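Presented below is the structure to which this report refers.
Residue numbers (my numbering): 55 to 351.
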């Protein structure tokens, strides 16, 4: 069955990691005219083995339960960091509305480090040491280390400029995490309006998603995450028997059982100052581009 173009994605949240994207996706998807995939991320454009299977396959995986009159939306927080992947999205729909959530870059980078520790992606025990190897990681393999490139993923300006050059500024919406926190309903209604659906719908925004925690066992977190990401025959056989929504419920239960409440220690003041100096010129350029005061960054 061919999926007609009116079932293409209408809007996609393309970044950034640890900025409130999970919450925004779930808030938007409460609208009866909108359908979002049940999976935490849509990895169709990111993963070569998915992309090679085509959008018909992806539609069945991510949107099988959508109604024909619902607008489809998606989220993947890593795609904005690769222009090659963004070109795949452009090929899918050059008129798609893209949303980028932006958080103060040092806080985002530090939060992403502890998130990577929680998920078992990061085995370096200090933020400072992880920053020291970042350039080497980026040169070695962006895809492999994409979750652990803390400075790179927070250097928003050049990433956004590349996206705007490809899609046009009119199709790119940059939203500050502070705006989402201050008035999530207003943020959603503005995006509803852009999508052409009723903007008087009031989503319930009291629930936050992906709140901070730490793995009880980082080793188990790493092994379980690797199993989820692998393409081994056992995992593929299990996924063939278990519906997607149920599989992700099981995933969340297992991960949550391995989590414990966690508050990250304060960032080292010297590290903060080094990062502040690094990000300042990029933040100044971003401030001009967005016509927003970012001096508090």
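Just so you know, even glycine gets a beta-carbon here, dropped at the ideal spot from N, CA and C.
Since we're looking at a predicted model, the values are computed, not measured.
Is the distance from the Cβ of residue i to the Cβ of residue j below 8 Å?
i           : j           : result
residue 226 : residue 215 : no
residue 101 : residue 116 : no
residue 67  : residue 156 : no
residue 153 : residue 63  : no
residue 113 : residue 150 : no
residue 72  : residue 166 : yes
residue 322 : residue 158 : no
residue 95  : residue 125 : no
residue 144 : residue 220 : yes
residue 329 : residue 160 : yes
Quick one: what does DSSP say residue i is sitting in, helix, strand or coil?
i           : result
residue 125 : strand
residue 256 : coil
residue 118 : coil
residue 179 : coil
residue 173 : helix
residue 57  : coil
residue 93  : coil
residue 64  : strand
residue 71  : coil
residue 329 : helix
residue 154 : strand
residue 261 : coil
residue 321 : coil
Around the C-beta of residue i, are 16 or more other C-beta atoms found within 10 angstroms, so that it is buried, or is it exposed?
i           : result
residue 197 : exposed
residue 79  : buried
residue 75  : buried
residue 131 : buried
residue 317 : exposed
residue 133 : buried
residue 256 : exposed
residue 331 : exposed
residue 346 : exposed
residue 163 : buried
residue 108 : exposed
residue 350 : exposed
residue 103 : exposed
residue 118 : exposed
residue 241 : buried
residue 190 : exposed
residue 261 : exposed
residue 179 : exposed
residue 129 : buried
Once the 5 residues before and after residue i are set aside, which same chain residues still bring their CB inside 7 Å of it?
i           : result
residue 188 : 203, 204, 205, 206
residue 142 : 99, 105
residue 239 : 256, 257, 259
residue 253 : 243, 246, 247
residue 348 : 337, 340, 341
residue 147 : 62, 63
residue 169 : 72
residue 139 : 99, 100, 133
residue 185 : 204, 205
Closer than 6 Å by C-beta to residue i: which residues in its own chain qualify, once you throw out the five before and the five after it? Chain order, please.
i           : result
residue 90  : 79, 83, 127
residue 336 : 209, 211
residue 110 : 57
residue 325 : 182
residue 35  : In the structure as shown, the chain begins at 55 and stops at 351. Residue 35 is therefore absent and cannot be evaluated.
residue 370 : Because the chain is modelled from 55 through 351, residue 370 falls outside the range shown and cannot be assessed.
Hey, is residue i close to the ligand FMN, as in C-beta under 7 Å from one of its heavy atoms?
i           : result
residue 137 : Inclusion of the ligand FMN in the displayed structure is not the case, the ligand content being empty and no account of it being possible.
Got a sec? Which residues, its chain only, sit under 8 Å from residue i by beta carbon, not counting five neighbours each side?
i           : result
residue 192 : 199, 203, 206
residue 135 : 69, 196, 200, 203, 206, 207, 213
Can you check the segment 216-243 for any beta strand (DSSP E) of at least 3 residues that lies completely inside it and give the ranges in chain order? Those beta strand (DSSP E) runs which fall completely within the segment 216-243 and span 3+ residues are 226-230.
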